Every structure is written in C-alpha cells, then in structure tokens.
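Visitor:
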Amino acid sequence: MNARDVFKPFLMRIEQVTEEAPDVRTLRLVFQNEDEGRGFIFRTGQFGEYSVFGEGECTFCIASSPTRQGYIECTFRKAGRVTSALAALETNEIVGFRGPYGNVFPIDQWQGKNLLFIAGGIALPPMRSVIWNVLDLRDRYRDVTIVYGARTVADLVYKRELQEWAGRDDVKLVTTVDPGGETPDWQGEIGFVPAVLDKLAPASHDTVAVVCGPPVMIKFTFPVLARLGFAPGDIYTTLENRMKCGVGKCGRCNTGKYFVCKDGPVFTFAQLQEMPQEY
Amino acid sequence: MSALQEKARELLASAAVQVVIGYGRGSGGAARAVFIREATKAGDLVFDGTCLQNLAVYLMKPEVRKLGKAALVVRPATLRTILQLAAENQIAENSLLALVPSAEEIVLLATFAAIEAHVAALDSDLSTAEKAELQRFTALGLDERRRFWEEQFSRCLKCYACRAACPLCYCTRCTVECNQPQWIPVPAHDLGNLEWNVMRAMHLAGRCVNCGDCSRACPVGIPLYLLNQKLVSDVFTGFNSRSGISARSDNALSTFKPNDPEDFIR
Amino acid sequence: MESEKRSIGREALAELISQWRSAGKRVLAPKRSGDKVDFAWVASLEEISLDHVQTVQSPKAALFPRVEELFSFRSADGRVEVRERDLGALPETVVFGLRPCDAAAFTALKAIFNWDSPDSLFSARLARTTLVAVACSSADEYCFCTSVGGGPGAIAGSDILLTDLGDGDFLAEIVSEKGRLMLQGAEALFRPGAGREKERCLARVEKAFDLEKVDPGLARRFDDDAFWAGQSLRCLGCGACAYVCPTCACFDIQDEGGITGKRLRCWDSCGFGLFTLHTSGHNPRPLQSQRWRQRLMHKFSYMPERQGVLGCVGCGRCSRACPVDMNILEHIRAIAEARP
Numbered sequence: 365m366n367a368r369d370v371f372k373p374f375l376m377r378i379e380q381v382t383e384e385a386p387d388v389r390t391l392r393l394v395f396q397n398e399d400e401g402r403g404f405i406f407r408t409g410q411f412g413e414y415s416v417f418g419e420g421e422c423t424f425c426i427a428s429s430p431t432r433q434g435y436i437e438c439t440f441r442k443a444g445r446v447t448s449a450l451a452a453l454e455t456n457e458i459v460g461f462r463g464p465y466g467n468v469f470p471i472d473q474w475q476g477k478n479l480l481f482i483a484g485g486i487a488l489p490p491m492r493s494v495i496w497n498v499l500d501l502r503d504r505y506r507d508v509t510i511v512y513g514a515r516t517v518a519d520l521v522y523k524r525e526l527q528e529w530a531g532r533d534d535v536k537l538v539t540t541v542d543p544g545g546e547t548p549d550w551q552g553e554i555g556f557v558p559a560v561l562d563k564l565a566p567a568s569h570d571t572v573a574v575v576c577g578p579p580v581m582i583k584f585t586f587p588v589l590a591r592l593g594f595a596p597g598d599i600y601t602t603l604e605n606r607m608k609c610g611v612g613k614c615g616r617c618n619t620g621k622y623f624v625c626k627d628g629p630v631f632t633f634a635q636l637q638e639m640p641q642e643y
Numbered sequence: 047m048s049a050l051q052e053k054a055r056e057l058l059a060s061a062a063v064q065v066v067i068g069y070g071r072g073s074g075g076a077a078r079a080v081f082i083r084e085a086t087k088a089g090d091l092v093f094d095g096t097c098l099q100n101l102a103v104y105l106m107k108p109e110v111r112k113l114g115k116a117a118l119v120v121r122p123a124t125l126r127t128i129l130q131l132a133a134e135n136q137i138a139e140n141s142l143l144a145l146v147p148s149a150e151e152i153v154l155l156a157t158f159a160a161i162e163a164h165v166a167a168l169d170s171d172l173s174t175a176e177k178a179e180l181q182r183f184t185a186l187g188l189d190e191r192r193r194f195w196e197e198q199f200s201r202c203l204k205c206y207a208c209r210a211a212c213p214l215c216y217c218t219r220c221t222v223e224c225n226q227p228q229w230i231p232v233p234a235h236d237l238g239n240l241e242w243n244v245m246r247a248m249h250l251a252g253r254c255v256n257c258g259d260c261s262r263a264c265p266v267g268i269p270l271y272l273l274n275q276k277l278v279s280d281v282f283t284g285f286n287s288r289s290g291i292s293a294r295s296d297n298a299l300s301t302f303k304p305n306d307p308e309d310f311i312r
Numbered sequence: 132m133e134s135e136k137r138s139i140g141r142e143a144l145a146e147l148i149s150q151w152r153s154a155g156k157r158v159l160a161p162k163r164s165g166d167k168v169d170f171a172w173v174a175s176l177e178e179i180s181l182d183h184v185q186t187v188q189s190p191k192a193a194l195f196p197r198v199e200e201l202f203s204f205r206s207a208d209g210r211v212e213v214r215e216r217d218l219g220a221l222p223e224t225v226v227f228g229l230r231p232c233d234a235a236a237f238t239a240l241k242a243i244f245n246w247d248s249p250d251s252l253f254s255a256r257l258a259r260t261t262l263v264a265v266a267c268s269s270a271d272e273y274c275f276c277t278s279v280g281g282g283p284g285a286i287a288g289s290d291i292l293l294t295d296l297g298d299g300d301f302l303a304e305i306v307s308e309k310g311r312l313m314l315q316g317a318e319a320l321f322r323p324g325a326g327r328e329k330e331r332c333l334a335r336v337e338k339a340f341d342l343e344k345v346d347p348g349l350a351r352r353f354d355d356d357a358f359w360a361g362q363s364l365r366c367l368g369c370g371a372c373a374y375v376c377p378t379c380a381c382f383d384i385q386d387e388g389g390i391t392g393k394r395l396r397c398w399d400s401c402g403f404g405l406f407t408l409h410t411s412g413h414n415p416r417p418l419q420s421q422r423w424r425q426r427l428m429h430k431f432s433y434m435p436e437r438q439g440v441l442g443c444v445g446c447g448r449c450s451r452a453c454p455v456d457m458n459i460l461e462h463i464r465a466i467a468e469a470r471p
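Chains as they are written, first to last, in our numbering: chain A, 365 to 643; chain B, 47 to 312; chain C, 132 to 471.
1. Compare the beta carbon distance of VAL375(C) and THR238(C) with 7 Å and say whether it is the shorter of the two.
2. Sort out for me which residues DSSP pairs TRP172(C) with in a bridge.
3. Quick one: what's GLN228(B) bridged to in DSSP?
4. In chain B, which residues lie with their C-beta within 8 Å of the C-beta of ARG389(A)?
5. Going by DSSP, which residues form a beta bridge with ALA102(B)?
6. Grab me the residues of LEU129(B)'s own chain with a C-beta within less than 7 Å of its C-beta, minus the 5 sequence neighbours each way, in chain order.
7. Measure the alpha-carbon distance for MET607(A) versus TRP550(A) and round it to whole angstroms.
8. Spell out a yes or no on whether the segment 516-528 of chain A and the segment 429-444 of chain C are touching, meaning 3 or more CB-CB pairs, one atom from each, closer than 8 Å.
9. Consult DSSP for PHE302(B) and reduce its assignment to one of helix, strand or coil.
10. Along the chain, which unbroken stretches of the alpha helix (DSSP H) at least 4 residues long are found entirely within the segment 183-253 of chain B?
11. Three-state secondary structure (DSSP) at THR423(A)?
12. DSSP beta-bridge partners for VAL630(A)?
13. So, using beta-carbon positions, are ASP386(C) and ASP399(C) closer together than 7 Å?
14. In whole angstroms, give me the CA-to-CA distance for ALA303(C) and GLU223(C).
15. For VAL103(B), which residues from the same chain have a beta carbon less than 6 Å from its beta carbon, with the 5 sequence-adjacent residues on both sides left out?
16. What is the rounded straight-line gap between the Cα of ALA590(A) and the Cα of PHE633(A)?
17. My understanding is that VAL541(A) touches ILE554(A), with C-beta atoms under 8 Å, so please give their C-beta distance in whole angstroms.
18. So is ILE268(B) buried or exposed if we call it buried at 16+ other beta carbons inside 10 Å?
19. Quick one: measure Cβ to Cβ for ARG259(C) and LEU221(C), integer angstroms, because I've assumed they're closer than 8 Å.
20. Can you tell me which of GLU109(B), SER148(B), LEU273(B), ALA59(B) puts its alpha carbon nearest to the alpha carbon of CYS97(B)?
21. Residues of chain A with CB under 9 Å from GLN226(B), in chain order?
22. Quick one: grab the DSSP three-state call for ILE291(C).
23. Start and end of the beta strand (DSSP E) containing PHE81(B)?
24. Restricting to Cα atoms, I'd like to know which of LEU636(A), ARG389(A), LYS613(A) is closest to CYS625(A).
25. Please state whether DSSP places CYS438(A) in a helix, a strand or coil.
26. So, does the CB of GLY370(C) fall closer than 7 Å to a CB anywhere in chain B?
27. Using alpha carbons as the reference points, say which of GLN188(C), PRO435(C), LEU312(C), ALA160(C) lies closest to VAL126(C).
28. Below 7 Å CB to CB, which residues in the same chain sit around PRO596(A) once its five sequence neighbours on both sides are set aside?
29. For GLY348(C), which of LEU176(C), PRO454(C), ARG424(C) has the nearest alpha-carbon?
30. Using a Cβ-Cβ cutoff of 8 Å, what residues of the segment 369-385 of chain A are near chain C? List them in chain order.
31. So that I know if they touch, is there some Cβ in chain C lying closer than 7 Å to that of LYS477(A)?
32. Step through the CB atoms of chain C and report whether any lies within less than 7 Å of the CB of HIS7(B).
33. Within 10 Å of its beta-carbon, does TRP151(C) have 16 or more other beta-carbons around it, so buried, or fewer, so exposed?
34. Whose CA, out of LEU252(C), ARG210(C), SER420(C), GLN188(C), lies closest to the CA of ALA236(C)?
35. Helix, strand or coil for THR127(B) per DSSP?
36. Among GLY219(C), VAL168(C), ARG216(C), LEU262(C), which has the Cα closest to the Cα of ASP233(C)?
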C-alpha cells in the first residue's frame with residue numbers, strides 16, 4: 365500500500381493573502397514539500413478540499429490557472445466554520461489541501477472558437493482559472509467576452525484583474541451590479557446578469573458559453589442563452605454541491621446517477637437537463 | 047364502521063378538515079401513522095393498544111402542514127403535546143381538531159380551552175410504576191448511575207431518531223448542528239454521545255410531556271425516558287410546574303419571574 | 132461458486148472460536164441483551180446468539196466504524212505535522228454469525244469505498260477481516276434477500292458459511308482462500324462434510340417482487356412528486372434506517388482538537404435535512420420526499436449503474452428499526468408493481 369492515502373492533505377504555506385471584497389479573500393498557497401509541489405499537476409475546472417487543522421475541510425475550485433505554476437490559489441467568502449478559520453490565517457501559516465479532484469473545462473476542444481464567460485458574485489473564482497488559462501494561450505481562441513455581475517460594486521472580486529481585462533483589446537469585459545448596488549462613479553452596467561446578457565446579445569455561432577453563479581442566476585441565464593441560439597451542449601457550468609470526501613464515496617454530492625465530485629464539477633447544460641434538479 | 051372511522055368520514059366529507067392524522071394497520075401487527083385525505087378512506091383508521099406514536103410530531107412537519115387543517119387522533123400525551131406546542135407559539139388556535147377515541151363515543155376537542163379542560167381531568171403525573179422505577183434508579187449511587195449512562199450512551203449511534211420522533215424537538219437547526227462554535231461534537235464517540243443526550247434532555251426539561259416516543263424510536267434501546275422522567279419530576283418538585291397542561295403556560299426553565307426564590311438570578 | 136464442505140460439532144466450534152481468540156483475533160458476533168440482539172465483541176461461543184432472525188445493526192462497523200480517525204495532527208508554532216494511521220496495527224478480526232445477506236453487503240461496501248481511488252483504511256481493515264457467516268434457519272416478514280439476488284443459505288461474500296444442521300453439527304462451507312487459511316491448523320476440529328445437505332435447514336424466504344421491474348419503476352415514478360410524498364409522509368427524517376443498513380456508507384468528516392487533534396470520519400445519512408445544505412442556504416433536496424426518493428434511487432438505480440452492485444441486500448433492518456414503520460419491502464414492491 366504505497367499509494368498516498370486519499371484523505372491525507374498536502375501541507376501548504378500561505379504565500380499571499382489578497383482582500384477581494386468584504387469577507388472575500390484569495391489565498392496563494394505553495395507546497396511546503398517542494399517534491400510534492402513538483403509532482404502536482406492540475407487542469408482548469410478542478411477543485412480541492414482545503415483544511416484548517418482542528419476546524420475541518422472546505423471545498424473550493426482552484427481559482428488560479430494551471431499556466432501559472434508553482435502555486436495554487438483559492439478564493440472564498442467567510443461564511444461557515446472552516447472559511448471563518450481560513451479567513452483568520454495570515455501569510456506563512458499552514459493549511460491542508462487535497463486534490464486536484466473532478467473533471468475539467470475541455471479547453472482543448474474549444475480551440476478556434478469564441479468564448480463567452482458569464483459569472484455572478486462569488487462564482488467568478490472557478491471562471492478566473494479558465495479565463496487566465498485561455499488568456500495565457502490567447503492565440504488558440506477567437507473572441508473572448510466576459511460578463512460579470514455582483515450585488516454591489518464592493519462585492520465585485522478580482523478588481524485588479526477586472527481592470528487588467530478591461531484594458532486589454534483582446535478581451536471584451538462587461539461588468540454589472542444589481543440596481544442600487546452602484547456607486548456614483550460606477551461606469552459599468554446596472555442590472556441583473558441575465559438582463560445584461562440579453563441586451564449584449566452575443567453571437568452564438570461557433571461560441572462556447574461558460575456560466576458560473578448562484579442557482580438563481582444560472583436558472584435565468586440558460587433561457588437567455590437558449591434564445592441567443594446556444595446549444596445546450598455548448599453551455600458549460602460548474603456545480604458547487606456540498607462535498608466532504610471529494611472522491612466519490614461520502615455520498616453528499618450525489619445528484620441522480622452523477623457524483624459531482626467525480627463526474628463534475630464541470631457539466632454542460634445538456635447534461636444538467638438530464639439530471640434531477642438536485643443541485 | 048367504528049365511531050372513530052365514522053367521525054373521520056364526516057369531518058372529511060364536510061370539509062371541516064382536509065386531513066385526519068390517525069393510526070392504521072402497519073407491519074408486524076403494529077400500528078402506523080396514516081394521513082386520511084378522502085372520506086372514503088376513513089375505514090383505514092384503527093385505534094387499539096398498539097397505537098402508541100405521539101402523532102403531534104406531524105403537526106410540525108412542513109409537508110403535513112401543507113395538507114391543510116388536520117384532525118388528529120390523540121392519546122393523553124398527544125393532547126399535552128398540543129398544549130405545550132401552543133404554549134411555545136408553534137401552533138395556532140383553530141388550526142386543528144383533536145379526536146379522542148374511546149369505546150363509546152369520539153370526543154372532539156376544537157379549541158385549546160377544550161383541550162385544557164380535558165387534560166385537567168386526567169392525571170398528568172408520572173404513573174405509580176414510573177415513579178417506582180425512577181425511585182429505584184435515583185437510589186443508585188452517583189458512580190453507578192454514571193456507569194449506567196456511559197454504558198447506555200456507548201451504544202448511541204447519533205441517528206437522531208429520538209429527536210425526529212419528538213414533537214417538541216422542532217428546531218430546524220439543532221444545537222448539535224450549530225458549529226460556530228461546535229457546541230456538541232458531531233461524531234458518535236463517548237463525549238459526543240454524552241453531550242448530545244444530556245443536551246437534548248436539558249432542552250426538554252420542563253417541556254417534555256413524557257410521551258415516551260424517544261425511547262420507542264431508539265433503535266438500540268437506550269432508556270431515554272428515565273432522563274426525561276427524572277427532569278419531569280425535578281421540575282415539578284423545584285418549580286411546581288408541569289408541561290402541557292395549559293396553552294399559555296410558561297416553561298419553568300426559560301421564564302424569569304421577579305419573585306424567583308433563587309438568589310443567583312436576581 | 133464452488134465451496135469445500137466440512138462439518139463441525141458445536142463443541143469443536145466453541146474450541147475454534149477460542150483458538151481464534153488465543154491467536155489474538157477479535158471476534159464480532161451477535162449477542163443478546165434484553166430484547167435485542169446486536170453485534171458485540173465476544174470471547175466465546177456461549178456469548179453468541181444463533182437463534183435470532185437478525186441483529187439490530189449490521190456488521191458494517193467492522194470495516195466502517197461509526198467514528199474512526201483518518202489521521203492525527205499537531206499544529207503549533209507555525210508548523211503542522213500530520214501523523215497517518217498505522218494500518219499495520221489494525222487488529223485481525225473475525226466477524227462471526229453475520230447472515231448471508233450481510234456478507235453480500237460487504238461486496239457493496241467494497242464497491243463504494245474502492246470506487247476509483249481505494250480507501251486505504253477500509254481496505255486495510257478488509258484485509259484483516261474474515262467473514263464467518265451463519266445461514267438463516269428463520270426469517271420474518273421484513274426479510275427479502277431472495278428478491279435481491281441473495282438467499283438464506285447463499286455463500287456469496289462469505290469466507291466461510293456455517294449452517295446449523297439441527298443435529299448438533301454445523302455444515303461448514305469454505306468459500307474463499309481467506310476462509311481456508313483461517314482454518315489452517317484447526318483441521319482436526321472438522322469432519323468431512325460431503326453428503327450433508329443444508330437445504331432442509333434453511334428458512335423459507337419467498338420472492339416478494341421482480342427486481343428487473345424496480346429500476347424501470349423508479350425511472351417512471353421519478354417526477355411523480357405526489358407518489359414520493361405519499362410514501363414518505365410519515366417518515367421523520369432520522370438516520371435509523373441508514374445507520375442500521377449494512378450497505379449505507381454516507382459519511383461526514385469532522386476535525387476535533389486544537390493544537391493536537393484528529394480528523395475523524397463518521398456516519399452520516401442522506402435522509403437528514405441538512406445533509407446537502409449549502410452554506411448559502413440553498414438546499415438541493417429540501418423535502419423529505421426527495422430524500423426518501425434519493426435513498427431508494429441510490430440503492431436500486433444509481434449504485435447498480437455506477438458501482439455495478441445493488442445497494443440493498445434485503446436484510447430488512449431498516450424496516451425493523453424505523454420508528455414509524457417505513458417498510459422498504461412494501462415500498463419497493465409498490466414501485467415494482469406500478470403499472471407503466
């Protein structure tokens with residue numbers, strides 16, 4: 365039995381802490397054991413179990429791109445027991461990480477296509493990994509459009525990166541905040557993501573859409589995409605079911621015949637249509 | 047057709063209620079809860095010595111509440127549960143009818159006042175046999191009692207059948223599920239089991255009506271009723287208070303009175 | 132499946148168990164306490180109940196304890212040390228007197244825990260555990276092994292199956308290599324078993340439904356909310372069914388301790404309302420009817436499709452343990468018999 369125990373986490377040192385929004389932080393983690401770090405490979409879309417020893421584990425996608433090597437990042441909102449403990453940690457402290465788990469965004473299949481990324485609120489992190497991944501391989505893809513909304517201007521995460529994307533001429537970025545969430549100097553759109561998308565009306569021809577957001581945003585975004593002519597198989601999302609083990613055993617993320625941790629977290633809308641509405 | 051079945055049929059046919067929650071025949075000769083929604087199904091109701099479950103537990107279940115106004119087939123402890131739930135503002139006046147089965151006729155209690163009057167005529171004290179068992183138990187030394195409970199709780203699976211069967215355990219998020227901080231350990235190890243069972247007993251102190259459903263529900267047979275009966279007895283001795291006899295009564299352990307005899311609280 | 136047959140007398144069986152104990156093996160077996168029979172660690176055959184129909188709990192705890200340490204840790208002064216379990220120190224265990232349905236259930240547990248990424252703790256326990264089952268001479272109305280591919284004298288899953296022949300002897304069928312190794316050095320306790328027939332000593336368990344019709348029946352009923360609400364209205368949403376079930380394996384992971392502590396795995400159940408609750412407050416299965424449907428779908432549809440094994444062995448424990456008589460046989464039969 366030489367295989368690494370599936371429940372034994374890697375020890376990771378917090379290299380950098382970034383405040384993204386109220387109660388939202390990004391941790392940059394590096395492997396304490398450099399050999400483990402060298403052997404670690406992940407692909408965009410995958411997730412892991414992050415732990416604070418004594419508090420427990422928490423599931424987040426890896427928010428950094430595999431093209432940026434030597435570290436992984438996670439972005440989370442302080443909400444429960446583990447995220448509160450994670451939020452209290454500072455640079456150089458140690459956390460646990462198990463992963464990478466789950467399937468990936470099939471970015472190789474997307475080569476030569478237009479990409480439309482639609483995200484809401486705290487769901488930008490899974491998208492951020494894939495966005496940077498394709499931007500780091502920019503010449504393989506055609507138009508890249510990002511639609512991102514949050515409740516308020518303060519709730520927009522990755523503000524520095526949003527600025528960077530806004531400044532690039534090979535990315536079209538549309539940001540929006542819910543009505544009432546704007547500041548006096550807000551330059552972006554005002555309105556919910558599905559409505560903004562409807563107004564933007566991006567072409568669906570030869571285009572893949574990736575949607576990440578709270579269940580209610582996803583629910584109202586799919587019909588808009590359908591109206592715009594996107595086929596269910598060309599719309600991708602990543603599910604965020606509650607998980608404990610991450611490796612298909614604990615039963616928590618079982619949705620229909622699928623285990624989100626193993627068959628997902630990345631699913632097409634075509635797959636979601638065949639699943640029970642239990643996500 | 048029995049008097050109970052006839053009354054249920056009548057209530058459903060006249061749309062006085064939308065559902066009759068009663069007992070039907072179950073597996074192994076036991077009775078089980080049934081939810082009769084059509085007058086023609088009233089014949090499924092039974093009432094005999096096998097009908098033990100405190101059906102008031104279903105008054106707190108969202109799926110059952112959605113069915114509409116209910117008539118509930120009750121035993122004495124069920125009536126006291128209804129009053130206790132009313133006292134805790136969990137059920138509203140006129141939201142249900144209580145059907146008290148007896149050999150001759152079915153007594154229908156439509157108001158909390160009617161239930162209070164009916165309960166007042168019953169003996170709400172522990173039975174002589176219960177008192178005798180409790181007496182034997184409390185006569186044991188502290189170490190012996192501790193060993194007894196350690197052995198009993200060592201078998202606890204934390205399946206929460208006791209909690210689920212209890213009509214007064216209606217919190218949507220139980221203390222054991224509150225984790226900031228984690229008051230009660232989740233795992234079913236010795237400490238987790240001790241803290242869980244003691245916490246549950248204490249949260250029911252002065253509220254429990256001694257229906258016995260927690261003990262009947264426990265798959266491994268832990269005599270939880272002993273804890274509850276001890277607390278029923280202590281609350282009566284200490285506060286002259288009984289649960290489930292009034293729709294407006296104050297719980298002994300969650301009510302402050304300016305004339306409280308204890309010093310520490312003033 | 133071919134098995135080697137021998138016979139063993141009651142006294143020799145008692146001797147065999149005491150030899151296992153002397154060799155340092157733990158013996159988990161049914162033991163009567165009051166009006167209940169349940170698995171317990173025993174020292175001798177005298178302590179073991181053989182005349183009951185079924186134990187309250189299954190023997191799954193031998194491989195999947197209700198609480199177990201995954202690893203321990205020490206976290207201080209900016210350093211964390213993780214100490215793995217010493218799997219070599221896990222005790223050798225004999226599960227004795229489990230029923231053929233329970234032995235079959237271990238096949239389902241193996242399929243869950245070793246799906247894709249092997250679970251080292253489970254596998255290490257499994258490697259050190261031998262299953263000596265005892266065939267059923269009696270059954271009750273909750274038993275339905277024959278409807279889900281098993282039988283009161285089925286050998287599949289057991290390392291050794293004993294059948295009480297009613298004349299003071301047990302027929303011992305040695306099913307696996309592990310079973311054969313288990314009896315090495317104890318050959319003198321046995322006599323040849325050729326010609327000894329067990330069939331007349333077995334309980335009769337009539338087939339109660341057609342398994343082939345269950346999965347299509349579930350698929351047909353899936354969106355019929357009223358049907359599931361009707362079946363589950365009296366369900367209280369506790370975990371008794373899952374915790375006594377020999378194949379239910381849902382678990383939680385919990386940390387305990389501060390500077391030094393443990394990461395623990397403990398039983399959990401898909402029947403609990405908070406099982407799937409997101410931190411955001413969103414709950415994918417907010418209704419008990421959905422959770423009841425999940426229980427049946429998982430056992431009779433998802434597991435066969437994904438893990439290639441049925442998630443129910445017909446032991447009837449969930450029905451016996453249910454505080455409100457959610458009889459699984461009755462419900463599955465209703466699903467199998469539902470007209471298309």
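Don't be surprised by glycine CBs; every beta carbon is placed ideally from N, CA and C. From a predicted model like this one, the values you see are computed outputs, not experimental measurements.
Guide: Walking through what the data contain:
1. no
2. Answer is LEU159(C).
3. ASN225(B)
4. Here the premise fails: no neighbours, minimum Cβ distance about 18 Å.
5. Its beta-bridge partners do not exist; DSSP assigns none.
6. Contacts found: PHE158, ILE161, GLU162, VAL165, GLY290, ILE291, SER292, ALA293.
7. 37 Å
8. Taking 8 Å as the limit for Cβ pairs, the verdict is that the segment 429-444 of chain C does not touch the segment 516-528 of chain A.
9. coil
10. 188-200, 207-211, 236-250
11. strand
12. DSSP output for VAL630(A) lists THR602(A) as bridge partner(s).
13. no
14. A straight-line Cα-Cα distance of about 21 Å links ALA303(C) and GLU223(C).
15. PRO213
16. 10 Å
17. 6 Å
18. buried
19. 6 Å
20. Looking at the Cα atoms, SER148(B) is the closest of the given residues.
21. GLY444, ARG445, SER448
22. strand
23. Looking at the DSSP string, the run of the beta strand (DSSP E) that includes PHE81(B) is 77-82.
24. With distances taken between Cα atoms, CYS625(A) lies closest to LYS613(A).
25. Strand, per DSSP.
26. Cβ-Cβ to chain B under 7 Å: yes for GLY370(C).
27. Residue 126(C) is absent from the model: chain C starts at 132 and stops at 471.
28. THR632, PHE633, ALA634, GLN637
29. ARG424(C)
30. ASP369, VAL370, PHE371, LYS372, PRO373, LEU375
31. Chain C contact via Cβ: absent.
32. Because chain B is modelled from 47 through 312, residue 7(B) falls outside the range shown and cannot be assessed.
33. Buried, because 16 or more other Cβ atoms sit within 10 Å of the Cβ of TRP151(C).
34. Measuring from the Cα of ALA236(C), the nearest candidate turns out to be GLN188(C).
35. helix
36. When each option's Cα is compared against that of ASP233(C), the closest is LEU262(C).
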